[in-house]
Structures are given as structure tokens and as C-alpha cells.
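One structure is given here, and the rest of the page talks about it.
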Amino acid sequence: VAQKPVGMPCHPQGRYRKASLTELLRRVHLRDPEAYLHPINRLDRPTSGVVLLAKTRKAYMLLSRALGSMRKLYLARVRGSFTQEAACRAAESLLPRAEGSDGGDHPVESMVSSAAAAPSAAGEPLVESVAAVAADDLATTLGLSASPWEILCRLPLRVDKHQPGQPLTVHVDLVDGKPTVTSFRRLSSAASEDDPTSLVLCQPRTGRTHQIRAHLAALGFPIMGDPVYGAAGGAGCEQASANDDDGPDGLDMCLHAAAYAVPLEAGAGGEQDARDDDCAALRAVLPAPAACSLGLAVYRCERSPPWVEAEPR
1 VAQKPVGMPC HPQGRYRKAS LTELLRRVHL RDPEAYLHPI NRLDRPTSGV VLLAKTRKAY
61 MLLSRALGSM RKLYLARVRG SFTQEAACRA AESLLPRAEG SDGGDHPVES MVSSAAAAPS
121 AAGEPLVESV AAVAADDLAT TLGLSASPWE ILCRLPLRVD KHQPGQPLTV HVDLVDGKPT
181 VTSFRRLSSA ASEDDPTSLV LCQPRTGRTH QIRAHLAALG FPIMGDPVYG AAGGAGCEQA
241 SANDDDGPDG LDMCLHAAAY AVPLEAGAGG EQDARDDDCA ALRAVLPAPA ACSLGLAVYR
301 CERSPPWVEA EPR
């Protein structure tokens with residue numbers, strides 16, 4: 001387990017042939033440039049945080065199969081005051097519109113209420129303002145309360161046609177997009193009339209490309225420093241930039257993979273200290289599996305980026 005800094009790719013690529021996470025770990029830590037080392041959860045280059053790596057092919061196969069069952073928590077610093085009402089209004093702007101019998105302009109599928117946006121193909125709201133979505137106790141490993149999620153976003157995403165030499169981008173596509181689900185909860189807001197920001201806890205429930213980044217941008221709250229979607233708030237991500245280096249204000253992207261819960265074979269219990277040369281900033285916590293059939297190894301970052309407030313409120 002390693003904590004990846006901002007700006008470092010997981011795999012060698014382009015001008016980062018030697019300055020990638022796997023190459024540095026092979027050469028500096030393992031002292032074997034040919035050692036097998038494969039990331040399980042590949043973070044985007046601008047994203048910091050927890051990366052799980054397999055040191056054998058067998059471990060890679062086992063963990064890859066478990067990837068869909070892993071619970072993940074991310075922290076994001078976004079532009080604007082993150083609220084349920086504003087997120088639902090942004091979702092409404094993405095819907096096809098037609099003139100109603102009263103002469104007004106209405107979404108084709110349905111009106112967006114304070115509780116939900118138009119239904120998805122499965123008949124569920126695309127963006128739901130909820131107060132009773134089950135809380136996730138994984139948040140307590142970050143010193144946060146296990147409060148309920150506030151927003152459940154189901155906006156489907158579609159990967160754009162890839163251009164050689166350019167980063168992948170996605171956009172909201174209500175017709176041909178793949179089902180994508182993310183939960184959000186505001187932790188705090190920085191009071192600033194000119195440029196307010198919010199600290200948001202994010203849990204991707206599916207594993208789509210740029211899922212958190214695209215969903216937050218579509219809801220009108222782009223992640224600060226996002227070089228691709230940083231200016232795309234509320235526009236369905238159509239304004240996604242091809243630049244994957246610097247954010248719109250020259251800032252590092254404020255998205256951090258804070259914790260991963262990995263299913264293990266039943267029987268693991270107690271607590272393990274994983275602070276060693278492999279993961280100096282991480283701790284693995286294995287709760288007793290008495291109440292469940294699977295144990296969980298929870299890896300969390302103990303050092304947070306400077307943009308994360310020490311005491312969220």
C-alpha cells in the first residue's frame with residue numbers, strides 16, 4: 001500500500017517513464033527494476049491518496065476480482081457552497097426541455113423537485129437529494145461521523161472518443177451513457193463571498209472513468225484545480241479541457257483517495273499496524289468479522305493534503 005502524491009502517474013507514461021509510482025517503488029524500495037508490481041486501484045495522475053499494489057500475479061487476480069466489492073472514500077475541495085438544492089438545479093439544466101401547455105419551459109422527462117431529478121433508465125432519480133441514504137461506517141476511520149449521505153448522483157457517463165496524446169474525458173449522456181452512481185456529503189464550507197469552496201466526502205459506487213470529477217462538475221461544483229473539468233460546472237462536462245497538467249488556476253487538483261475497505265477471507269480480526277517502509281503514512285485496520293461474513297482491511301491516509309480542514313464541521 002502506498003500514498004501517491006499529486007502529479008505522479010501510477011504507471012510509466014510519456015515523460016513520466018521513470019517518475020511513476022510503480023517505477024519508483026521498484027527501483028527505490030524493492031531495488032529490483034524487474035519486480036512484479038501492479039496497481040489495483042489506478043488513480044488519475046492529478047489525484048493523490050491510497051494506492052493498493054499487488055506484488056504477485058496471484059494477488060493481482062484476487063484483488064482485481066474484489067475491486068468491485070471494495071468501498072472507497074474520497075475527499076474533494078470544490079468550488080461553491082455545496083447544497084442539495086443547488087445540485088438538483090444543476091441536474092435539471094442537463095435535461096432536454098420542451099414548451100409546456102402553460103407556455104413555460106419544462107424538462108421533457110419530469111420536473112425536478114427538491115427531493116429528486118428526472119428518472120434514470122432504471123426508473124430511479126438521476127440526482128436525489130436524500131436524508132436517509134445509509135451512512136457508511138468507513139467514514140469513522142477518517143475521524144468523521146457516520147452521517148447519512150446527502151446527494152445520490154446517478155447521471156450516466158460516456159467516454160469521449162480518445163484523441164492520441166490527449167487524456168481521456170467523459171461527459172454526461174442521458175441516452176447512451178453507462179450507469180454511474182456516486183454519493184456525496186458536505187463536510188464543511190469555507191466562508192468567502194467572492195469564491196466560496198466546500199469540502200465534500202465522496203463515495204463512488206461504480207468504477208467509471210473520472211466518475212467523481214465528472215459528477216461534481218455536472219452538479220455545478222467542479223473540483224478545485226481540476227485540469228479537465230475545472231470549468232465545466234453545470235454544463236454536463238461538455239467544456240472538458242484536453243489539458244491534463246495544470247488546473248484552471250495553476251493549482252494542484254484537490255481530490256484525495258482517503259480510504260479503501262478491502263474484503264478479506266473470514267477469520268481476520270483485531271488490528272494490524274501497517275506502518276512500515278511500504279506504507280509509512282497508512283494504517284490497516286481489520287475489524288473482527290463476528291457481525292459479518294467478510295472481514296475488512298481498511299487502509300486510510302494519515303496525512304491529508306493541506307486543503308483538507310483539520311476539523312470538518
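Residue 1 is where the sequence shown starts when you use UniProt numbering, and the numbers rise one by one after that.
Glycine included, C-beta positions come from ideal geometry on N, C-alpha and C.
Opening and closing residue of the alpha helix (DSSP H) in which residue i lies
i, result
"alanine 217", "211 to 218"
"tyrosine 60", "57 to 66"
Residue i in three-state terms, based on DSSP
i, result
"cysteine 10", "coil"
"serine 188", "strand"
"alanine 117", "The pLDDT assigned to alanine 117 is 43, lower than 50, so where the model puts this residue is not dependable; a value taken from the coordinates is nonetheless given after this. In the structure shown, alanine 117 sits in coil (DSSP, three-state: anything other than H, G, I, E or B)."
"arginine 26", "helix"
"leucine 157", "strand"
"glutamate 85", "helix"
"alanine 35", "coil"
"alanine 231", "coil"
"threonine 197", "strand"
"glutamate 128", "strand"
"alanine 291", "Only weak support exists for where alanine 291 lies, its pLDDT of 34 falling under 50; the value from the coordinates is given anyway. DSSP places alanine 291 in helix when its eight states are reduced to three."
"alanine 259", "strand"
"arginine 42", "coil"
"alanine 19", "coil"
"leucine 138", "helix"
"serine 69", "helix"
"serine 183", "strand"
"serine 48", "strand"
"valine 108", "Per-residue confidence for valine 108 stands at a pLDDT of 38, beneath the threshold of 50, marking its modelled position as unreliable; the derived number appears in the next sentence. Note: valine 108 maps to coil in three-state DSSP."
"alanine 146", "coil"
"arginine 77", "strand"
Test item: CB-CB of residue i and residue j under 8 Å
i, j, result
"arginine 208", "leucine 157", "yes"
"methionine 70", "valine 262", "yes"
"threonine 180", "threonine 206", "yes"
"threonine 182", "methionine 224", "no"
"valine 200", "phenylalanine 82", "yes"
"proline 204", "lysine 72", "yes"
"isoleucine 151", "glutamine 211", "no"
"leucine 255", "alanine 139", "no"
Presumed contact (8 Å Cβ cut-off) between residue i and residue j, rounded CB distance
i, j, result
"valine 51", "cysteine 10", "6 Å"
"alanine 257", "tyrosine 74", "6 Å"
"leucine 155", "valine 172", "5 Å"
"leucine 37", "arginine 26", "6 Å"
"serine 48", "proline 305", "6 Å"
"leucine 53", "proline 39", "5 Å"
Rounded C-alpha distance that separates residue i from residue j
i, j, result
"proline 125", "serine 147", "22 Å"
"valine 285", "aspartate 32", "Confidence in valine 285 is poor, its pLDDT being 37 and thus under 50, which makes the residue's placement unreliable; the coordinate value appears in the next sentence. Their backbone Cα atoms lie some 29 Å apart in a straight line."
"lysine 4", "lysine 55", "17 Å"
"glycine 143", "alanine 259", "11 Å"
"leucine 94", "phenylalanine 184", "19 Å"
"leucine 24", "lysine 18", "7 Å"
"glutamine 13", "serine 189", "36 Å"
"valine 28", "leucine 21", "10 Å"
"serine 64", "aspartate 194", "44 Å"
"phenylalanine 221", "leucine 187", "14 Å"
"alanine 86", "alanine 2", "36 Å"
"glycine 177", "leucine 216", "16 Å"
"valine 159", "alanine 218", "15 Å"
"valine 78", "alanine 90", "15 Å"
"glutamine 166", "leucine 62", "32 Å"
"leucine 251", "alanine 35", "34 Å"
Extent of the continuous beta strand (DSSP E) run through residue i
i, result
"lysine 178", "Run containing lysine 178: none; DSSP gives neither H nor E here."
"glutamine 3", "2 to 4"
"valine 170", "170 to 172"
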